[in-house]
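A short write-up of the structure that comes next.
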Amino acid sequence: MEDRPNDPLDPEKRRAVMQATRPRGLPLLPRAGQMASEARGKHLPLADEVRAIDLECRPIYAVWELTLACDLACRHCGSRAGASRPDELTTAEATDLVRQMAALGVREVALIGGEVYLHEGWTEVVREIRRMGMQSTLVTGGRGLTPERARLAKEAGVQSIAVSIDGTEPTHDRLRGLTGSYAAAVQALRNAREAGIPVAVNTQVNRLNLCELPHIFDLILDVSAHGWQVQLTVPVGRAADEPDVLLQPYDLLELFPLLASLKARADAARIKMLAGNNIGYYGPFEHLLRSYTTEKHADSCSAGRSTLGIESNGDVKGCPSLPTESWVGGNVRSASLRDIWERSSALRHMRDRTEEERWGYCRTCYYGEVCRGGCTWMATALFGKPGNNPYCHHRALEMQRLGKRERVVRVAPAEGLPFDRASWALVDEDLR
Amino acid sequence: MPSMVLCPSCKRHVFPRETSCPFCGLAISADPGAAPPSPTPEMSRGQRYLVGAAIVATVAVAAGCNTKPARDPNDVQTQEELERAHQKQMDEEQERHPGGGPCVNNVCPPYGCVFPDEACDILRV
């Protein structure tokens, strides 16, 4: 199956999607004052008391959008990156935030963007991360990761660079919205390697590249990457503008056997293949895809429990990908990181979840009490709230057993803001 | 989070409360290869520290009882004092290992855990 995975798009449809122009024109970002967080009031009051659970939960991983400035304008970018946010943290503010992270117990800081190297103080931030004893990693689209920048990254202390690769050259260039972006990304991997930095690859899986995953794996072998993280393209930001690119829930029936076979190859090649938080849940390949975890299966959403997300203007969320509008707990310019982590209602959400939050299929699912609806990012992108997630292998298998499948249909477009969402409907239909 | 076991036949995770796999029907308890359900979740470093401290405290108290004459009732630690001592130990442990609380779990970070081995070492506190 792995050698010839089925393409979810028929040739005619594939040709049409590949040739489709951007559905929404650039400029890349709204003017200052129109950002979602500013428009909706992010500074809710913090709780007076810190509870035991708030002290028990510590952010192990921080994923930090250092800047929204980007030298790409990817057509599936959730944050609609391009121009920097109008109110991004200065280098001094950023290094202070690094020290707050260390004091809070963060072990690893993954810098993302935009493009990290477009922030004027990125090497200083990396140096401070290392000085404070935390791991420093970096995620990039790779267009501008020149040998010189790779050398600077190495000197500053970056310990691994993950480059996004989304398919064969035509598919990658189509998704990234720029001819030559694939070649640049591959060159970025080589530049990092030559600078002495271990490299990894990140891949978003969607209808354009599902059948190209074996090709990406071959590239990973070729560039001697040590890791490969795969996750589904989530319909937020620009990805919500292109519904034809997104997987349908029933495509998981094709995807998971493919991922399992690639995982076996990765294990044999000593490459750490990691299933992202929206790859799940509890199907027959779960123990393989999450063999690197203690329990050999996914946990429920870790946002605000062990994961911390930061936007480039200092807005703090439990997960970097969650919509700004409803998941920002505060801003480090108006409160300390510790106070936001321990006392904001948005960051506390996942610590206080109850059975009542699950709804739809997930409400009565066998795995509901451990899974809790899987990835909050995906559920929220689709329905505006967590607790029900049709992008689930177990669920697709159960639907198949009943001769059914689920299909998501966009009923209203997104606004055009970072991490915004469209409106979607879920259609139950007979399996064809 | 409840522990789950892997059905050796269909490779689905099932709850240890099951007597047979809800997906393939295999009798879970009848299979010698099936992993036994863990009676309790794996303890965090902080929890292990506390258990160890409690054992040491118990042994110390027991040893004291063997070697010393009975103390004045006012000299015996009350339950409240013991709890305070435990809380102090917990606070000190939290200070030393701020990431070692029970919320540490086996999840990968968004955008990729690029040091999976090290991360898992962290998570297996």
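Sequence order for the protein chains is A and B.
Mapping to the working numbering: the first sequence position 287 is 287, numbers consecutive.
Mapping to the working numbering: the second sequence position 28 is 28, numbers consecutive.
C-beta: ideal position from N, C-alpha, C; glycine also.
Distance, residue j Cα to residue i Cα
i	j	result
R51 (chain A)	F15 (chain B)	30 Å
Q229 (chain A)	R22 (chain A)	27 Å
G25 (chain B)	S9 (chain B)	9 Å
M4 (chain B)	R401 (chain A)	23 Å
E295 (chain A)	E12 (chain A)	43 Å
T90 (chain A)	F285 (chain A)	45 Å
Y391 (chain A)	S300 (chain A)	14 Å
C108 (chain B)	V106 (chain A)	Low confidence applies to C108 (chain B): its pLDDT is 41, below 50, so where it sits in the model is not reliable, and the reading given next is rough at best. One C-alpha to the other measures close to 14 Å.
M18 (chain A)	Q248 (chain A)	18 Å
A157 (chain A)	V199 (chain A)	Checking the sequence, you will find Gly at residue 157 (chain A) rather than Ala. Using only the alpha carbons, I get a separation of about 14 Å.
R80 (chain A)	A73 (chain A)	7 Å
A414 (chain A)	G82 (chain A)	18 Å
A62 (chain A)	R12 (chain B)	32 Å
L152 (chain A)	A185 (chain A)	18 Å
L55 (chain A)	C77 (chain A)	34 Å
E356 (chain A)	H172 (chain A)	41 Å
Contact set for residue i: own chain, Cβ-Cβ below 7 Å, skip 5 residues either direction
i	result
A60 (chain B)	At A60 (chain B) the pLDDT is 41, less than 50, meaning the model places this residue with poor confidence; the figure from the coordinates comes in the next sentence. For A60 (chain B), where only same-chain residues beyond five positions count, there are no Cβ hits under 7 Å.
I271 (chain A)	I220, A225, H226, G227, W228
D430 (chain A)	G403, K404
V370 (chain A)	S300
D339 (chain A)	L46
K263 (chain A)	M273, L288, L289
Same chain, Cβ closer than 8 Å to residue i, neighbours up to 5 away in sequence not counted
i	result
R14 (chain A)	D7, L208
R75 (chain A)	R22, R174, L175, R176, G177, R238, A239, D241, E242, V245
P5 (chain A)	L210, C211, L213, P214, E254, L258
T116 (chain A)	Sequence check: residue 116 (chain A) is Val here, not Thr. Once the five neighbours on either side are set aside, the close Cβ partners of V116 (chain A) are L66, T67, W122, L138, V139, T140.
M132 (chain A)	V98, R99, M101, A102
V427 (chain A)	E406, R407, V408, V409
Neighbourhood of residue i by C-beta distance below 6 Å, restricted to the same chain and skipping five residues each side
i	result
H119 (chain A)	L66, T67
R358 (chain A)	G368, G373, G387
A188 (chain A)	G142, L145, V163
A425 (chain A)	V409, V411
G196 (chain A)	K154
S84 (chain A)	T67, L68, A69
C375 (chain A)	N277, N278
L9 (chain A)	R207
Start and end residues, beta strand (DSSP E) containing residue i
i	result
R15 (chain A)	From DSSP, R15 (chain A) is part of no beta strand (DSSP E) but of the alpha helix (DSSP H) over 11-19.
E272 (chain A)	Position check: residue 272 (chain A) holds Lys in this sequence, whereas Glu was assumed. 272-275 is the span of the beta strand (DSSP E), which, as asked, contains K272 (chain A).
S334 (chain A)	Looking at the DSSP string, S334 (chain A) is not in any beta strand (DSSP E), and its letter there is neither H nor E.
L138 (chain A)	135-140
Alpha helix (DSSP H) segment containing residue i, residue limits
i	result
T380 (chain A)	376-383
S326 (chain A)	324-327
I220 (chain A)	213-222
V370 (chain A)	368-371
V398 (chain A)	Looking at the sequence shown, residue 398 (chain A) is not Val but Glu. Element bounds for E398 (chain A): 393-401.
L258 (chain A)	252-268
S181 (chain A)	181-194
R151 (chain A)	147-156
E124 (chain A)	122-131
DSSP bridge partner residues for residue i (one or two, in chain order)
i	result
A346 (chain A)	The partner list for A346 (chain A) (beta bridge, DSSP) is empty, contrary to what the question assumes.
D428 (chain A)	A:E406
H13 (chain B)	B:L6
N202 (chain A)	A:S164, A:Q229
S423 (chain A)	A:A412
Y61 (chain A)	A:E108, A:T307
A69 (chain A)	A:G82
K317 (chain A)	A:G309
V236 (chain A)	A:R421
A27 (chain B)	B:S20
Minimum Cβ-Cβ distance from residue i to chain D less than 9 Å
i	result
G144 (chain A)	The structure shown contains no chain D; its protein chains are A and B.
Does the segment 96-105 of chain A come close enough to the segment 347-357 of chain A that 3 or more CB-CB pairs lie under 8 Å?
Because the criterion of three Cβ pairs below 8 Å is not met, the segment 347-357 of chain A and the segment 96-105 of chain A do not touch.
Stretch-stretch touch, CB-based, cutoff 8 Å, three pairs: the segment 314-327 of chain A with the segment 407-419 of chain A
Yes, the segment 314-327 of chain A is in contact with the segment 407-419 of chain A.
Does the pairing of the segment 262-275 of chain A with the segment 284-292 of chain A give three or more beta-carbon distances under 8 Å?
Verdict: yes, contact present.
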